[in-house]
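Per my numbering, the very first residue in the sequence shown carries number 1; after that it's consecutive.
These notes concern the structure reproduced below.
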Amino acid sequence: MKSNYLEELNEAQLKAVVDYNSPSLIVAGAGSGKTRVLTYRIAHLLHNNVPPYKILALTFTNKAAREMRDRISQLVEPEKARSIWMGTFHSIFARILRYEAEFIGYDKNYTIYDTTDSQNLIKAIVKERQLNPKDYRANLILSKISRAKNNLVTPQIYASDSERIEHDYKNRIGETYMIYEIYQNRCRTSNAMDFDDLLLNMNILIRDFPEILKKYQNKFSYILVDEYQDTNFSQYRIIRQLCELHRNICVVGDDSQSIYAFRGARIENILNFQTDYPDHKVFKLEQNYRSTQTIVQAANSLIAKNTMQLPKTIYSENDYGPAIIISEAITENDEAFRIADYITSDSSELEMPYSEIAVLYRNNSQSRIFEEAFRRRNIPYRIYGGITFYQRKEIKDCIAYFRMVVNPNDDQALLRIINYPARGIGKNTVERIESVALNLNVSIWQVISSDIVNQINIQSGIVSRIQKFVDFILNLQRVEQEMDAYDCAMHVVRVSGLYQELSEDKTREGWERLQNVEELFNGVRNFVAEKYNETSDLVRLSNYVENVSLLTDFDKDEKNSNVVSLMTAHASKGLEFKSVYIVGAEESLFPSSMSIGRLQDIEEERRLFYVALTRAKRKVTISWARQRSTYGSLDTRQLSRFANEIDPKYVLHTSSYSSRTEGTRLKGYSFQKSSGGGFNFDFRKNVNEQKPSLNIFTKQADKNYEGVFIEFATLPLGQKVLHQKFGKGIVESIEGDGTNRKAIINFETGTKTLLLRFARLQLLD
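Right, here's the structure in full:
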C-alpha cells in the first residue's frame, strides 16, 4: 500500500481528494488531471477504511474503468481494488438487474440485445404489420425508441402522448408507438433487454420497489460519477435516487466538454448540480498540465463565447509554444496535401513520431481525401474509432455496383447488390442460383444471364425480376462505354436506387452515409480530372475501379503503432497528441449545417471545437479550404466562426495562394512572405469581417489569387490560359453546352480539346 500518495497532488487536487463527506462537484478542465483525482479520491476512501463494496464508481467506457482500477491497484491492495463496484453505467446496472430480475418479470439469465439484434426485430415487426419499410426504417425507429427510453418514456406513456403521436403521423411513421409496444413485448418474451432497457428497467426497479431502492441506498455509501456532463436523464434519475440516503455523491466533469446531446446527454445535469444539492462543495481543477499557454489561452478565448457554462479559469504553467496556425487552402485536395506536407515536416524536422499526430474532422466522410493524400506521401495512418472510408457499407455498396458494370462475373459484387436495394430476389433464390453456379463451375452471372436460370426451380415471376436485373447491368455496361467515370458513377448510383435509398433516411446516421457517398463522387471526380489532364482521353469507370481496388487493398501494418490518427472530433475526446490538425474548419461543416440556427446547438458545436483544440499538447493547425466540392461542383467557403473567435494574438494565418498576392491588402489581413513560398496572414483588425469571395466560374475571378480554376466559364476567343500539363495556350474556339462544354486550345505543345469542367485552366493576362 502506497502511503505518500497525497504528496503527488497539487493543492486543488488535494482538496478534491480528501474532502469527501458531502455532495461534491469537481469541475475538471481539459488536461487538469481528472482521472488522477477520481482515482486518488477512491484510494483515499479505502485508506480511511471505507469497505470497497460500499463504493460505486460509474464511468462511460470500459477502458476508463480498467484504467482507474489499475491505478487504484498501485495505491492500495489489489484485492480491494477488485472489490469496488466500478464499471460503466450499463455493466453495473446489468449486474444489479440480474440480482433483482424477478421483481421486473425477467429471468436472471436474460440476454442483452445489441443494435443489430434490435434492428432485426424491428424489421420483422414492420414486415408483419405490412408497413412501408422505407418509412419505418429500423435505425430510425430504434433511435426514436432509444430516445424515449432515455427520457423514461415507456410504451404506455408514448401511446398516450398525443403531441408525439401527431408528430410521428406527420412524418409518416404514425405507428411507431405500436412498434415500440410490440418490440418491448417481444423482448420480454425472449427474456431480453437492449442497452437502453438496462437504464429504463433500473429506473423502474427502484421506482416500483422501495425496498430494493433502500437496499442499494444502504449498500453504496459513496457514489462517484465520471464525465457527469455526458449523463442523460435516465442516468441522472438513477444517480439522484441511489445517493439520497448518504448524499456522498461526487461527480467529475467539464461542462465545456459536453458534446453528446445527440445521444441524449444533458449539459443541464452538471450545470444544475449545485441547485440539486444545496449542501454541495465545488472543487475546480484549473491547471492544464497538457498544453502550452498559447493553446490553453486560445481555447479559453473561444469557449468564453458560450453562455451556458460554469465559471472557471483554466491556465497553464507550460511554455508559450508556437502560435496556432490557421491554414487556408484553395480546395479540399490542396488542403489534404498541405496537411500531408505539414505532417512530413513534423516527423522529419521536429522528429515527432507519427503516433503523436492526429487529424480531427467533423464528419467521417472527410477522411477519404486525407487517406488518399497520406498514401501518396507514404504517411502511415489509422482510422480511429471507425473503419476506413472504403470499408463503409454504403461505399462498398456503390463500388460493388461499379465492379459489376466493369466485370459482371465478380461473384462477390453480385451477391452484395443483386437484391440491394430490394428488387424481390430473395435469399433462398440467390442460394439456389449460387449452388447451381458452384456445381457447373461458372460464375453466378453466367447462370442468370443464360437459359440456365430457366432450368432452376424458381417461380416465373422471380425469373422475370432476375432478367430485369441482368438487362439493367447490361445497359449500364453500354453507358460505361460512353460516359466518363464521374458521370457514369453518378448515373449508376442514382438509377440503381442507392441514392434514393440513402436520401430517404432522415436520421443523423443516414445523413452521414449520404455525405459519404457524395464524398465518393468527389473522389471519382478528382480521379477523372487528374487522369484527363494527363491524357485528354475519356476516363472510364473501368479506370477508376482499377484505381480504387489498389487503394482498398492498401496493406497497413496493424501492429505498427507509429501511425497518424484520423478521427472525428467526437472520437478524440479523452485523448491527447503533440500535434493536432483540425481540418475542414468552415461554416456549414464545422459548425455543422445541421446545428446552425439554434443557440444551444451552436454552443455544443463550439464545445466540440474546444475539445478538438485541447487535445493538443504542443502544436495546433486549423485548416480550411476556399472551395469545396459538393455534388460535383465547387462551392465557395468561409472560415469557421470558431476559428475567427479565437483571440487573434494566438494565431498565425498561412495560405496556399501564390506570390501574385504579395503586396496586396485584404480587409483584416496583412501579408508576409512565408519560408514555404506562400504567405503568412496576420489578423490585425476586423477579425469578423467578411472575406472577399472568389468567383471561380468567370473571368472576373480575383486576379490576386493565382490557382483559381475555371470550369464552366465562357472563355473569349484569344484568351490566354495556363494548363498544369500542357503549359500556356490560347483559346481558339468553344463547343458544347453545360457540363459538355469544351475548349479548343492551341498550346505550345499542340492543339488540344479539353472539357472545361475537368481542364483546371488558369487565366493569364
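Using N, Cα and C, we set each Cβ at its ideal position, and we do this for glycine too.
Note that this is a predicted model, so its numbers are computed, not measured.
Nearest residue (CA-CA) to residue i, options the options
i    : options                : result
L242 : S629, A612, K54        : K54
S143 : R290, H246, T292, S118 : S118
N746 : I141, R626, V731, T292 : V731
I303 : V282, N269, S258       : S258
I249 : S256, F273, D255, F262 : F273
P98  : V126, E11, I212, G321  : Looking at the sequence itself, residue 98 is Arg, so the reference to Pro does not match. The shortest C-alpha separation from R98 is found at I212.
R362 : N21, S572, R237        : S572
G750 : F726, Y177, Q229       : F726
E431 : N457, A65, A30         : N457
V252 : V37, P52, M404         : V37
S190 : P23, I112, N475        : I112
N120 : Y110, G105, Y136       : Y136
R392 : Y289, G510, E434, L360 : G510
I324 : L763, K752, D647       : D647
L498 : R416, T753, G718       : R416
V620 : S291, A65, I238        : S291
N132 : K63, M490, A422, R95   : A422
L502 : C398, S449, V539       : C398
E519 : M490, F103, E546       : M490
P52  : I466, A43, F60, R465   : A43
T630 : A16, V611, L514        : L514
Q366 : K127, P408, T59, G523  : G523
Distance between residue j and residue i (C-alpha atoms, nearest Å)
i    : j    : result
D226 : A299 : 23 Å
V564 : A101 : 46 Å
R41  : D107 : 37 Å
S234 : K305 : 30 Å
G33  : N428 : 57 Å
V50  : K215 : 18 Å
Y222 : E356 : 37 Å
E8   : S345 : 37 Å
A373 : E79  : 50 Å
M308 : F609 : 16 Å
E67  : R525 : 46 Å
R35  : T331 : The residue asked about is misnamed: residue 35 is Thr in this sequence, not Arg. C-alpha separation (whole angstroms): 41 Å.
L6   : S22  : 20 Å
L205 : T39  : 30 Å
V442 : L414 : 14 Å
L285 : N10  : 9 Å
L350 : M404 : 47 Å
R760 : H723 : 7 Å
N288 : R626 : 34 Å
Residue i - partner residues in DSSP beta bridges
i    : result
I622 : I326, I582
N746 : I730, T751
Q287 : Y315
Q627 : T636
K720 : I730
L25  : V251, V282
T275 : T275 is not bridged to any residue.
Q762 : L722
G192 : Reading the sequence as shown, one finds Ala at residue 192 and not Gly. According to DSSP, A192 bridges with T111.
E735 : K742
R382 : S565
V359 : L566, Y581
L589 : S592
Exposed unless 16 or more other CB atoms sit within 10 angstroms - verdict on residue i
i    : result
M594 : exposed
A643 : buried
D70  : exposed
R172 : exposed
V548 : buried
R478 : exposed
I444 : buried
Y169 : exposed
Y201 : The sequence given here has Asn at residue 201, not Tyr. Buried.
T313 : exposed
G718 : exposed
Closer than 8 Å to chain D by CB, residue i
i    : result
S593 : In the structure shown, chain D cannot be found, because there is only a single protein chain.
Residue i Cβ short of 7 Å to the ligand GDP heavy atom set
i    : result
F195 : Of ligands this structure carries none, so the ligand GDP is not represented either.
Fully enclosed by the segment 456–489, which alpha helix (DSSP H) runs are 4 residues long or longer? 460–482
4-residue-minimum alpha helix (DSSP H) runs that sit fully inside the segment 391–422, ordered along the chain: 393–406, 411–417
Which whole runs of the beta strand (DSSP E) in the segment 88–115 are 3 residues long or more, in chain order? 111–113
Restricting to runs no shorter than 4 residues, where is the alpha helix (DSSP H) found entirely within the segment 212–272? 233–242, 268–271
May I have a chain-ordered list of the beta strand (DSSP E) segments no shorter than 3 residues that lie completely inside the segment 40–79? 55–59
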